[in-house]
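These notes concern the structure reproduced below.
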């Protein structure tokens with residue numbers, strides 16, 4: 133009985149990864165290396181409060197500058213990808229980002245630090261829409277959602293490695309986080325340029341004198357983006373207020389916080405590709421997204437019920453299930469809705485919406501904590517998630533270039 137079960141599980145994993153292009157694997161590896169350096173963001177709040185002595189309010193503002201820069205980077209990265217191609221944008225963002233991480237490590241004064249964080253993310257986050265555009269360009273027909281899921285798996289694997297390593301580095305020196313982030317940006321850039329320098333996309337963009345449909349005149353895309361923003365306001369409590377919650381309420385050390393955040397990424401790596409391979413012909417994307425966001429409501433409410441580390445891991449498990457259900461189908465929905473001439477802008481809007489969530493989540497989260505406490509914040513986020521799930525369930529189908537959704 134045990135051997136047939138193992139054989140069945142092995143077949144499911146093999147089927148989930150079969151048929152993906154070599155380019156999709158390399159793009160995913162680039163994002164893994166880049167996100168394995170996700171060390172500054174998870175500990176930025178603690179660095180500002182404990183390393184530099186900033187107040188909770190000032191910490192929220194600087195983290196908001198991180199979000200503003202991320203939004204600018206997403207929008208400009210998408211537009212520049214449509215104009216100059218995804219290759220040039222990724223090359224610029226990865227190598228320039230490495231130098232900016234090094235520079236940021238020397239800044240300590242409020243306004244110079246806020247401006248430095250803004251410039252860094254304005255450049256480094258150009259890679260997100262550009263890489264997503266490249267995933268579509270190099271994906272085989274029928275494999276678009278799986279190619280995106282592979283990319284997300286790599287990002288989450290990197291995110292599981294990055295915070296765990298960051299916890300160890302932060303316990304030694306917060307300064308080392310910036311140097312490690314710089315090194316992984318440069319390494320990802322070298323890998324990307326080395327492989328793609330002479331490659332041509334499988335899907336050449338159709339040349340046209342017109343710029344293509346604007347996402348800002350597409351009511352479906354705008355409604356989707358509004359719902360994604362509400363989702364992001366809730367989801368990004370993961371990296372804005374939850375590390376503070378772990379420290380303030382449960383007195384967790386940096387290493388424990390890093391492992392807890394990394395647990396989320398490991399679960400997604402283990403399960404998401406198999407789930408997407410099973411679900412893409414069985415569950416309508418809008419229904420998968422809605423169920424996932426509803427599960428997220430449970431995960432945030434359960435934070436208030438936790439009494440120790442096991443309860444925190446259980447809450448993170450539920451949040452990971454939510455992410456597996458919702459996020460792979462979000463990016464495939466917006467990608468398939470876009471046309472060839474505007475895919476970068478659609479993906480830029482999608483990434484910018486998440487970035488706006490980065491701006492608002494720490495500002496709103498820290499204000500609610502200051503005035504009402506953590507319990508009110510997480511019950512409020514749970515209620516917001518329920519309303520957002522209802523909205524996603526009413527989405528129209530994506531209507532762009534069709535592939536297996």
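Numbering (our numbering), first residue to last: 133 to 537. Glycine included, C-beta positions come from ideal geometry on N, C-alpha and C. Here the structure is a predicted model, which means the values were calculated and not measured.
About 6 angstroms separates the beta carbons of residue 206 and residue 257, which is inside the 8 angstroms limit, making them a contact pair.
In the DSSP assignment, residue 477 falls within the unbroken alpha helix (DSSP H) covering 475–504.
Distance between residue 524 and residue 486, taken at the CA atoms: about 16 angstroms. Note that the C-beta distance between residue 287 and residue 163 is below 7 angstroms.
With contacts defined as CB atoms closer than 7 angstroms, residue 464 and residue 268 fail to qualify as a contacting pair.
Cα atoms of residue 239 and residue 331: separation of roughly 39 angstroms, rounded to the nearest angstrom. Going by C-alpha positions, residue 213 is about 44 angstroms away from residue 442. DSSP, reduced to helix, strand and coil, places residue 523 within a helical segment of the structure shown.
Separation of residue 478 and residue 236 (C-alpha to C-alpha, rounded to the nearest whole angstrom) is 30 angstroms. Between residue 232 and residue 255, the C-beta gap is smaller than 7 angstroms, which places the two residues in contact. Collapsing the DSSP output to three states places residue 415 in coil. The continuous alpha helix (DSSP H) containing residue 312 extends over residues 307–328. By the Cβ criterion, the region 431–438 is not in contact with the region 482–499, since fewer than three pairs of Cβ atoms, one from each stretch, lie closer than 8 angstroms.
In the DSSP annotation of this structure, the continuous segment of the alpha helix (DSSP H) that includes residue 378 starts and ends at 374–382.
When the alpha-carbon of residue 430 is set against those of 519, 498, 408, the nearest one is in 519. Contiguous alpha helix (DSSP H) elements confined to the region 137–182 occur at 154–167, 172–178, taking only those with 4 or more residues. In the displayed model, residue 528 falls within coil according to three-state DSSP, outside both helix and strand. A straight-line Cα-Cα distance of about 23 angstroms links residue 426 and residue 505. The Cβ-Cβ distance between residue 219 and residue 327 does not fall below 7 angstroms.
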